[in-house]
Amino acid sequence: MSETLVDQDHDAPLPAPGRAPAEPHLGWALAGLSAGAGVIHIAMTPIHAGAAWQEALGFAASGWFQLVTAGAVLANRAGKRFYQLVALANLAFLGAWIYSRTIGLPFGENPNVAESIGAIDAVCAALEVGVVLIAFRLIMSPERRSVGRLAPAMCAVAALGLATVVITSPDAANHSHNGAAAEPTGIDALRIAVDKDRCDRSFNIPGYYKEAKYLGVDTRWGDNPPAVAGAPAASADGHTHGAAAATTASSTTTTEPDPFEGRGSPGLDKLVSDTGLAATSEGAAAVLITSLSKATQEDYDAWLWWLRSSGSLSHEHASTSAAGDGSGHGGHVGPQPWVAMTDQKLCDKTEAELQLARQTAMAYPTARDAKDAGYRLVTGYVPGIAAHWIKGELIDDTFEIDKPEMILYDGDGLDAHVVGLSYYQWHAGDNKPTQGFTGDNDHAHRHIGLCSSKTTGQIIGDSTTSEADCVARGGSKADGSMGWMSHAWVVEGCESPWGVFSAASPVLDDDLGKVSGTDGGHCAGSGVRDRYDMDDAPKATPEPDGDATKTTGGTAGN
778 MSETLVDQDH DAPLPAPGRA PAEPHLGWAL AGLSAGAGVI HIAMTPIHAG
828 AAWQEALGFA ASGWFQLVTA GAVLANRAGK RFYQLVALAN LAFLGAWIYS
878 RTIGLPFGEN PNVAESIGAI DAVCAALEVG VVLIAFRLIM SPERRSVGRL
928 APAMCAVAAL GLATVVITSP DAANHSHNGA AAEPTGIDAL RIAVDKDRCD
978 RSFNIPGYYK EAKYLGVDTR WGDNPPAVAG APAASADGHT HGAAAATTAS
1028 STTTTEPDPF EGRGSPGLDK LVSDTGLAAT SEGAAAVLIT SLSKATQEDY
1078 DAWLWWLRSS GSLSHEHAST SAAGDGSGHG GHVGPQPWVA MTDQKLCDKT
1128 EAELQLARQT AMAYPTARDA KDAGYRLVTG YVPGIAAHWI KGELIDDTFE
1178 IDKPEMILYD GDGLDAHVVG LSYYQWHAGD NKPTQGFTGD NDHAHRHIGL
1228 CSSKTTGQII GDSTTSEADC VARGGSKADG SMGWMSHAWV VEGCESPWGV
1278 FSAASPVLDD DLGKVSGTDG GHCAGSGVRD RYDMDDAPKA TPEPDGDATK
1328 TTGGTAGN
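Counting along the sequence shown from 1, when you hit position 109 you're at 886 in this note's numbering, and nothing is skipped either side.
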């Protein structure tokens, strides 16, 4: 009778009664699949050690488990209970992989950011799927019977051969979360060192890192990488040029297809037009925020692709100077570049400063509280930057976290809720003031030539308002070149997806202004929270005296 029907190993010892799996030779196939996945995990462990120790430990533990599984099966030590453990373990491995590719692990180089699927990890996942399927077959078979040896043996050999191919492929040699070599040098080595030692991840919400990664925004050196071999060249104006810039654009156009395949759309054209105008005036910048919030997700995704592929991202003109940067929202669109912090003492200091700023903001939960404290409305609600309440007696040349010159609200009324703080300093010349939060990530900007009312002092025209127009409105044009402003989006629920210190925040959309005073605060009424994967806003509950609010719950981030 054929080997496919009769077990030829009459003298082989059998597992104990009740524990013996059916079709024992299928175990050979499972052993090969498990060994293949284990080899891949072990081979990739050193590469992932550069991103996070948790990842390296997970890869090593899963790899050794899968190799031990193969050994136990081949040594005829595997019973049904063992296969149950194997199936559950590999399901857990697959679950972690799927989570990392759809949501993003909470640690590593880019926490909570979904990773792309590569050939090597796809093969490893496929091998694990095979392990699970065969394990369930062995568990569920009602009686002991044998299958031929040839097919399982060939399956095992094929699995090991496939694992060998992928771990020796270019994909494995270049595998990391952003393509670093297995033995990095120069800028790649510095990048890994920064990612390993940085302690500032919590200062921005996950949505910031997700969008910054897609757009190629530098969140390690703030667009000013160190001058080492392999580093991209940065020009005097602070922008990255040369090979690095070309790589960013070409990688998008070749590996990330245009969502509209070159056909575009009316919605995308509006976003493109509004982006070009956003740096020309405060009004135009507000229009862009509104347009982004009302755009379909398809148009928004296409706009992100266009920003990156066209090189149209607008960031700091330089880290120290802001000549010509006196209108719009400081000339910034999208996530701002970020300089990573790797000194734990400095991170602790920044965290304490942000907490102090948050406490300061929440001491004035509504505009009425600001008014009672001597602040007055100077700018009505503007999408992207909110309504500004200012206290003139605090304006000087000194930065003090707990004495913000302006407090920002989600509407013009006295019941408007606080969304952040704005600091304002007198400083002559085009070089930016050096004072601010610990670190090198809060950048000041100016609004030159605003039209303010001669009677109330409120802003009644943006920087493009002509002198004649301003006078006709009962105002006068202000120079503004000595007034430097920086924002801090520290209120829970109102964290900016463009950075905690970004000049504008897309969360402050038109929808938010329309529900000011009625949505419970914490930017709950913003229409773009889901777009940036923000948690539900904290719920406000009245204090016993009914004059203030406290919050329960919160969002990830600051």
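Glycine included, every Cβ here is placed at the ideal spot set by N, Cα and C.
Just checking, does the region 1281-1295 make contact with the region 1252-1260 on the three C-beta pairs under 8 angstroms criterion? no
Label P883 either buried or exposed according to how many other C-beta atoms from any shown protein chain fall within 10 Å of its C-beta, with 16 as the threshold for buried. exposed
Separation of I964 from P1002, as counted between CA atoms: 8 angstroms
Does the separation of the CB atoms of G1169 and L1185 fall below 8 angstroms? no
Could you check if Q1074 is buried or exposed, using at least 16 other CB atoms within 10 Å of its CB as the buried criterion? exposed
Select from S1042, F913, S979, A1301 the residue whose C-alpha is nearest the C-alpha of K1316. A1301
With distance defined between alpha-carbon atoms, name the residue in L868, I916, M931 nearest to C901. L868
Cα-Cα separation between V1183 and G1234, rounded to whole angstroms: Per the sequence shown, residue 1183 should be read as Met rather than Val. Distance between the alpha carbons of M1183 and G1234 is about 14 angstroms.
Buried/exposed call for A852, threshold 16 Cβ in 10 Å: exposed
Are the region 889-900 and the region 981-988 touching by the rule of at least three beta carbon pairs closer than 8 angstroms? yes
Kindly provide the ranges of any beta strand (DSSP E) runs that are 3 or more residues long and lie completely inside the region 1144-1183, ordered along the chain. 1153-1159, 1163-1167
With H, G and I counted as helix, E and B as strand and the rest as coil, what does DSSP make of K1316? strand
Assign E1059 to one of two classes, buried (16 or more other C-beta atoms within 10 Å of its C-beta) or exposed (fewer than that). buried
Taking C-alpha atoms, which residue in L1069, A1004, A812 lies nearest to P1160? L1069
Would you tell me roughly how many angstroms separate the C-alpha atoms of D1051 and T1067, rounded to the nearest one? 10 angstroms
Using beta-carbon positions only, say whether D1239 and F1278 come within less than 8 angstroms of one another. no
Helix, strand or coil: which one does DSSP assign to Q1202? strand
CA-to-CA distance, A936 to A847, given in whole angstroms: 12 angstroms
CA-CA distance, A1010 and W1275? Because A1010 sits at a pLDDT of 47, beneath the cut-off of 50, its placement in the model cannot be relied upon, and the following sentence gives the value as read from the coordinates. When rounded, the distance between both Cα atoms is 24 angstroms.
Per DSSP, the bridge partner or partners of H1222: M1262
Between the alpha carbons of S1027 and D1035, how many angstroms are there, rounded? Confidence is the limiting factor: at S1027 the pLDDT is only 39, short of 50, which leaves the residue's position unreliable, though a coordinate-based value still follows. Computed Cα separation, rounded: 12 angstroms.
Going by CA-CA distance only, name the one from A899, I897, W1266, C932 that's closest to G804. C932
Look at the alpha carbon of G1039 and the alpha carbon of D1046, and state the distance between them as a whole number of angstroms. 12 angstroms
Considering C1228, what are the terminal residues of the beta strand (DSSP E) in which it resides? 1228-1230
What number of angstroms, rounded off, separates the C-alpha of E1320 from the C-alpha of A1140? Model confidence at E1320 stands at a pLDDT of 49, short of 50, so the residue's coordinates are unreliable; what they give is reported in the following sentence. Approximately 13 angstroms, taken between the alpha carbons.
If I follow the unbroken beta strand (DSSP E) through G1238, where does it start and stop? 1236-1238
N1208 by DSSP, collapsed to three states: which one? strand
Who are Y1186's beta bridge partners in DSSP? A1164, V1195
From the DSSP secondary-structure annotation, give me the bridge partner or partners of V994. According to DSSP, V994 bridges with nothing at all.
Please report the straight-line C-alpha distance between G1101 and Y876, rounded to a whole angstrom. A caution first: G1101 carries a pLDDT of 48, below 50, which makes its placement in the model too unreliable to give a value.
Identity of the residue in S893, A866, A970, G1270 nearest L910 by Cα: A866
Is DSSP giving S750 helix, strand or coil here? The chain is shown from 778 up to 1335; residue 750 falls before or after that span and cannot be answered.
With DSSP collapsed to three states, give me the class of V1064. helix
Whole-angstrom Cβ separation of A1117 and T962, contact assumed at under 8 angstroms? Between T962 and A1117 the Cβ distance is about 20 angstroms, and since that is not below 8 angstroms, they are no contact.
Hey, G1111 and V994: beta-carbon distance below 8 angstroms or not? yes
Determine the burial state of A957: buried for a count of at least 16 other Cβ atoms within 10 Å of its Cβ, exposed for fewer. In this prediction, A957 has a pLDDT of 40, which is less than 50 and means its spatial position is unreliable; what the coordinates show is noted afterwards. When all chains shown are included, A957 counts as buried.
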